[in-house]
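In terms of the numbering used here, the sequence shown is residues 13 to 183. Structure first, commentary second.
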Amino acid sequence: MDVPQGRKELLATRECSGYLFGCVRGLHLCFGYSFVVVAMSTLVKTASPPKTRSSASREVLLDRLLELERDNARLRRNIDLHTEKNDMSLRYIRPTKYDGVLYFEDYYAQFLTVAAHHGWDDTTKGIVLLSHLEGKALTVAGACNTFAEMVEALSDVGWQRRDGKRENAQN
């Protein structure tokens, strides 16, 4: 290897547009110049050779690439911090199944809380409600066309009272 006299081992014989690239050992060729680097870990700015038009444009491009890399790293950090802080908002909360045995109003209050969390409109509420009904409740709501009709039909049907006895609102 042809290393100039008077240089320390961590310097290059000639720089590539003013930059030394890390994690390189041995003799390499960069834009027609050979350089020797011994175990550097980061990109290091060095004194540039006299600038020509092409080396100046290369340096501008390299500076822009470094700036973009720093911006990308900063964005990745911010996204990770935002995700950690708002982890609960990323979770999907499912409404429970409703079979029509207990009061619909109790279930409906819980369902509306979940719907508000997810920001559902009436169409989505109707689809999700219908998909979470079972048994008698599904039979009653299956004949309805809108969410409001489903809620009204499920509220009007006779259900079990809190003391366990059946009541019939249709009599």
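Even glycine gets a Cβ: it sits at the ideal position worked out from N, Cα and C. Predicted, not measured: the structure shown is a model, and the values here were computed from it.
Of all C-beta pairs linking the region 112 to 123 to the region 138 to 154, three or more are shorter than 8 Å, placing the two stretches in contact. Apart from sequence neighbours up to five positions away, the residues of its chain that approach Y120 with a beta-carbon distance below 7 Å are V163, ordered along the chain.
Taking all protein chains shown into account, L77 has fewer than 16 neighbouring C-beta atoms within 10 Å of its C-beta and is therefore exposed. Excluding five sequence positions before and after K137, the CB atoms of its chain that fall closer than 7 Å to its own CB belong to A127, F159, given in chain order.
Counting along the chain, the unbroken alpha helix (DSSP H) around V152 starts and ends at 147 to 153.
For K137, the enclosing alpha helix (DSSP H) covers residues 134 to 143.
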